[in-house]
Amino acid sequence: MGNKDLYVYLLTNKNHTVIYCGVSSDLLNRVWKHKNKVYDGFTKKYNVDKLVYYEGPEDPIYAIEREKQIKAGSRQKKIDLIISMNPEWRDLYEDLIPEGFKEFDEENDNSDS
1 MGNKDLYVYL LTNKNHTVIY CGVSSDLLNR VWKHKNKVYD GFTKKYNVDK LVYYEGPEDP
61 IYAIEREKQI KAGSRQKKID LIISMNPEWR DLYEDLIPEG FKEFDEENDN SDS
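Numbering of the sequence shown is given in full-length UniProt numbering, commencing with residue 1 and proceeding in unit increments.
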């Protein structure tokens, strides 16, 4: 993994019935992969693709320990963590996309045509 800083993140599904905790050095790319069902497994099976919480970037040792701590916590602790940062449970993925990419996407969106 090298010396890259890591993000710890929580994803949920549209009904907030499932919460998934992960760690990544490239949060934007990792969440994109979850949203596009690139990974077979838990997040694909349960449609877990809504970023509702993240921390970082952090030192890798700290981030991995933090991920373990969050995973070991109760569902209520995870919910409290999400609410502390994101009380509306918004999908924070859009906030991570650089402004130029957002403008490009909007200019090339032909859904109204």
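For each residue, glycine too, the CB sits at the ideal point set by N, CA and C.
Ordered along the chain, which non-local residues of its own chain (more than five positions away) have a Cβ less than 7 Å from that of residue i?
i	result
residue 116	Summary: the structure shown does not reach residue 116, with the chain confined to residues 1 through 113, and so no result is reported for it.
aspartate 59	Asp5
Report the residue from the options whose alpha carbon sits nearest the alpha carbon of residue i.
i	options	result
isoleucine 97	Met85, Leu28 and Arg66	Leu28
leucine 6	Gln69, Gly73, Asp26 and Asp80	Asp26
tyrosine 9	Pro57, Phe42 and Tyr39	Pro57
asparagine 15	Lys68, Asp91 and Gly100	Asp91
valine 23	Tyr46, Tyr54 and Thr17	Tyr54
Considering only residues of the same chain and omitting the five flanking positions on each side of residue i, which have a CB-CB separation below 6 Å?
i	result
tyrosine 20	Leu11, Thr43 and Val48
valine 31	Leu51 and Tyr93
isoleucine 70	Cys21
Look at the alpha carbon of residue i and the alpha carbon of residue j, and state the distance between them as a whole number of angstroms.
i	j	result
lysine 78	glutamate 99	30 Å
Indicate whether residue i and residue j have their beta-carbon atoms separated by less than 8 Å.
i	j	result
tyrosine 46	valine 18	yes
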